[in-house]
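Asker:
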Amino acid sequence: MKHRPSYYIKAIAATAALGLGTIISGAEAAPLNSWVGTWENSSSTGLQQVRVTKRGSQLFLSAEGKCTPTNCKWGTVPAIAFSPSGGTTAASDTDIIMAAFSPGFATKTVILSGLSRGSISVRTLTDFTDASGRNDYTKVVRLRKKRRVARTDPPVLATRPDLPFQEDCISFNPANVSVGKRNNRWKLLQGSMWMLDAGNKKSEMDRAKQIVQHYSMNKQCFVGRGNPSLSYWLRGGNAPTGALPGEDCVGINPARLGIKPVNGKFTITSNGTHYAFVAPTRAEATKVIQTIRHYGFTKSCFVGRPGASMKYLRK
């Protein structure tokens with residue numbers, strides 16, 4: 000029997016409760032390549048965009064939800080394609096694609112179905128994980144495939160090579176960041192989404208807000224969830240640069256990072272001796288090093304120690 004993640008089990012139970020007829024909407028299966036592309040919502044509410052991509056034999060799904068002033072990107076995650084029977088393959092006959100996102104405050108299981116005449120049905124099952132007490136819910140939208148437009152202008156040269164790894168980031172507007180209490184705990188918020196938790200230490204969340212707005216950070220990123228091996232923040236897709244008075248930072252050398260197995264885990268060292276980060280697997284430790292080198296981070300910084308409520312990196 001294949002091992003499936005918990006979101007898969009929840010989604011199957013939910014689809015069974017709702018009835019497969021409401022998911023598939025009578026549409027026939029289609030080759031997997033027919034699903035590949037960008038699908039957009041013409042309305043101003045709910046899920047705004049999904050993108051299906053293939054890399055070799057692997058399938059990925061990206062999604063964007065409605066936020067103000069710009070959409071919230073949920074990141075890119077592995078996806079599963081299902082065929083209508085055991086006698087066919089997803090490559091030739093796909094009628095459902097499923098993936099789960101964790102945008103910081105909930106698990107959002109996204110189910111694509113009903114491919115017909117250039118549109119698909121997308122059901123999102125939201126399971127809140129932030130102890131906010133909000134009710135879980137499901138929502139269905141119809142998305143249309145984005146047409147490719149031929150470009151006539153010359154290509155723009157990239158200022159940095161493509162990412163050598165899959166990135167897990169949440170976009171937000173730094174101008175809308177606030178500090179508030181949720182369930183008697185001080186948190187860094189944007190709207191209903193909370194990004195950091197400092198318990199009873201309001202001063203740490205005030206400092207975190209100051210840092211986010213000082214550097215104009217607009218992406219919160221992770222290597223590993225839910226206890227990430229690395230938390231980092233970006234400004235317009237780049238590393239924050241400069242300094243802020245009173246920062247608690249230590250230097251790291253991107254060129255001299257190494258991996259040491261210690262007590263069943265993998266420690267990332269800087270300059271051969273300084274223990275900088277810890278990962279549960281060698282693959283995740285390697286991704287930590289790739290991330291630091293890609294962005295050229297040279298400082299690892301903290302708000303509150305020990306048990307920092309915010310960790311960030313900068314140049």
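Numbering that gives the first Met the number 0 applies: residue 0 is where the sequence shown begins, and numbers increase by one.
Just so you know, even glycine gets a beta-carbon here, dropped at the ideal spot from N, CA and C.
Every value quoted in this text rests on a predicted model; they were computed, and no experiment measured them.
(1) Quick one: using the 10 Å Cβ neighbour count with 16 as the cut-off for buried, is T106 buried or exposed?
(2) So, at 8 Å on beta carbons, what are the nonlocal neighbours of T87 in its own chain, with the 5 sequence-adjacent residues on each side left out?
(3) Who are the Cβ neighbours of K264 in its own chain at under 8 Å, not counting the five residues just before and after it?
(4) Nearest-angstrom Cα distance between T235 and K218?
(5) Which first and last residues belong to the alpha helix (DSSP H) in which V287 is found?
(6) Exposed or buried, N182, counting other C-beta atoms within 10 Å across all chains shown (16 or more means buried)?
(7) Measuring alpha carbon to alpha carbon, tell me which of S308, T123 and V109 ends up nearest K200.
(8) Determine the contact status of R54 and A62, defining contact as a CB-CB distance below 9 Å.
(9) Where do the N-terminal and C-terminal ends of the alpha helix (DSSP H) with R255 fall, by residue?
(10) Straight-line CA distance for E246 to S112?
(11) Go through its chain and collect everything with a Cβ distance to L31's Cβ below 6 Å, but skip five positions before and after it.
(12) Just mark K259 as buried or exposed, buried being the case when its beta carbon has 16 or more other beta carbons within 10 Å.
(13) In the DSSP assignment, the alpha helix (DSSP H) including D94 goes from what residue to what residue?
(14) Compute the Euclidean distance between the alpha carbons of D167 and C71, then round it to the nearest angstrom.
(15) What runs of the alpha helix (DSSP H), each 4 residues or longer, lie entirely inside the segment 185-260?
(16) Under DSSP, the beta strand (DSSP E) around K315 begins and ends at which residues?
(17) Between the Cα of T315 and those of V139, N134, N262 and D129, spot the shortest distance and give me the residue it belongs to.
(18) Can you tell me where the beta strand (DSSP E) with S118 in it begins and where it stops?
(19) Taking the C-alpha atoms as reference points, what is the distance between A312 and A78?
(20) I need the DSSP call for S115, collapsed to helix, strand or coil.
(21) Looking at the unbroken beta strand (DSSP E) that takes in W73, where does it start and where does it end?
(22) Between W185, A242 and I288, which has its C-alpha nearest R255's C-alpha?
(23) From the DSSP output, which residues share a beta bridge with F104?
(24) Under 9 Å between the Cβ atoms of V211 and L229?
Answerer: In terms of the structure at hand:
(1) Working through the sequence shown from its first residue, we reach residue 106 at position 107. Buried, because 16 or more other Cβ atoms sit within 10 Å of the Cβ of T106.
(2) Mapped onto the sequence shown, residue 87 falls at position 88. The answer, listed in chain order, is A28.
(3) Within the sequence shown, residue 264 is the residue found at index 265, counting from 1. Answer for K264: V277, A278 and P279, listed in chain order.
(4) In the sequence shown, counting from the first residue as 1, residue 235 sits at position 236. In the sequence shown, counting from the first residue as 1, residue 218 sits at position 219. Looking at the sequence itself, residue 235 is Gly, so the reference to Thr does not match. Their backbone Cα atoms lie some 8 Å apart in a straight line.
(5) Translated into positions along the sequence shown, residue 287 becomes position 288. Start and end: R281 to Y294.
(6) On the sequence shown, position 183 is the one that residue 182 refers to. So N182 ends up on the exposed side.
(7) Along the sequence shown, one-based indexing puts residue 200 at 201. For the residues S308, T123 and V109, the minimum Cα distance to K200 belongs to S308.
(8) Residue mapping note: residue 54 aligns to position 55 of the sequence shown, counting from 1. Residue mapping note: residue 62 aligns to position 63 of the sequence shown, counting from 1. No, the Cβ-Cβ distance between R54 and A62 is not below 9 Å.
(9) Position 256 of the sequence shown, counted from the start, is the residue given in the question as residue 255. First-last for R255: undefined, no H or E at that position.
(10) To locate residue 246, count along the sequence shown from 1; it is residue 247. To locate residue 112, count along the sequence shown from 1; it is residue 113. Whole-angstrom Cα-Cα distance: 49 Å.
(11) Counting from one through the sequence shown, the residue named residue 31 turns up at place 32. Around L31: A80, A89, A90 and T93.
(12) Here residue 259 refers to the residue found at position 260 of the sequence shown. Exposed: under 16 other Cβ atoms inside 10 Å.
(13) As a working mapping, residue 94 is identified with position 95 in the sequence shown. Per DSSP, D94 belongs to no alpha helix (DSSP H) and is neither H nor E.
(14) Within the sequence shown, numbered from 1, the residue matching residue 167 stands at position 168. Within the sequence shown, numbered from 1, the residue matching residue 71 stands at position 72. Rounded to the nearest angstrom, the two C-alpha atoms are 13 Å apart.
(15) 201-213
(16) Because the chain spans 0 through 314 in this model, residue 315 falls outside it and cannot be assessed.
(17) Past the edges of the chain, shown from 0 to 314, lies residue 315, and the structure says nothing about it.
(18) Translated into the one-based positions of the sequence shown, residue 118 becomes position 119. Run containing S118: S118 to F127, per the beta strand (DSSP E) assignment.
(19) Numbered from its first residue, the sequence shown carries residue 312 at position 313. Numbered from its first residue, the sequence shown carries residue 78 at position 79. Reading the sequence as shown, one finds Leu at residue 312 and not Ala. Rounded to whole angstroms, L312 to A78 spans 30 Å at the Cα level.
(20) On the sequence shown, position 116 is the one that residue 115 refers to. Here S115 sits in strand by DSSP.
(21) Within the sequence shown, the letter at position 74 stands for residue 73. That run of the beta strand (DSSP E) goes C71 to P77.
(22) For this step, residue 255 is matched to residue 256 along the sequence shown. Residue I288 is the option with its Cα nearest to R255.
(23) Position 105 of the sequence shown, counted from the first residue, corresponds to residue 104. In the DSSP output, where bridge partners are listed per residue, F104 has none listed.
(24) Counting from one through the sequence shown, the residue named residue 211 turns up at place 212. Counting from one through the sequence shown, the residue named residue 229 turns up at place 230. No, the pair does not count as a contact, with Cβ atoms beyond the cut-off.
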